[in-house]
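A.B. asks:
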Amino acid sequence: MNASFTTRHDGSVAMHLDTEAAKAVFASVVFAAQFHEDIVPLTEIARRGLCEQESRLNEGEVSCQ
39 MNASFTTRHD GSVAMHLDTE AAKAVFASVV FAAQFHEDIV PLTEIARRGL CEQESRLNEG
99 EVSCQ
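In this note's numbering, each residue carries its 1-based index in the sequence shown increased by 38.
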């Protein structure tokens, strides 16, 4: 599992994750969203990021919608 995080002056954070790390982050966000409604929008962001990474690994095939 590989992950790197970059913080920016505007307060945003960029995450670069391999597939295993992305799945772990996605699972954590989905779990946390059950308890905090403010986290719910992050589930869509996490899903899109995971889908994009999986798409690159599958040479352009999008397997998650």
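Beta carbons: idealized from backbone N, C-alpha and C, even for Gly.
With DSSP as the reference, please indicate the residues paired to Met53 in a beta bridge.
C.D. replies: Phe43
A.B. asks: By the 10 Å Cβ neighbour count, where 16 or more other Cβ atoms means buried, how is Val78 classified, buried or exposed?
C.D. replies: By the 10 Å Cβ count, Val78 comes out exposed.
A.B. asks: Tell me which same chain residues have a C-beta within less than 6 Å of the C-beta of His54, skipping the five on either side of it?
C.D. replies: Ser42
A.B. asks: State buried or exposed for Ala60, treating a residue as buried only when at least 16 other CB atoms are found within 10 Å of its CB.
C.D. replies: buried
A.B. asks: Quick check: the Cα distance between Ala52 and Phe73, rounded to an integer number of angstroms?
C.D. replies: 24 Å
A.B. asks: Rank Asp48, Gly49, Leu88 and His47 by C-alpha distance to the C-alpha of Val67 and give the top, closest one.
C.D. replies: Cα-wise, what sits closest to Val67 is Leu88.
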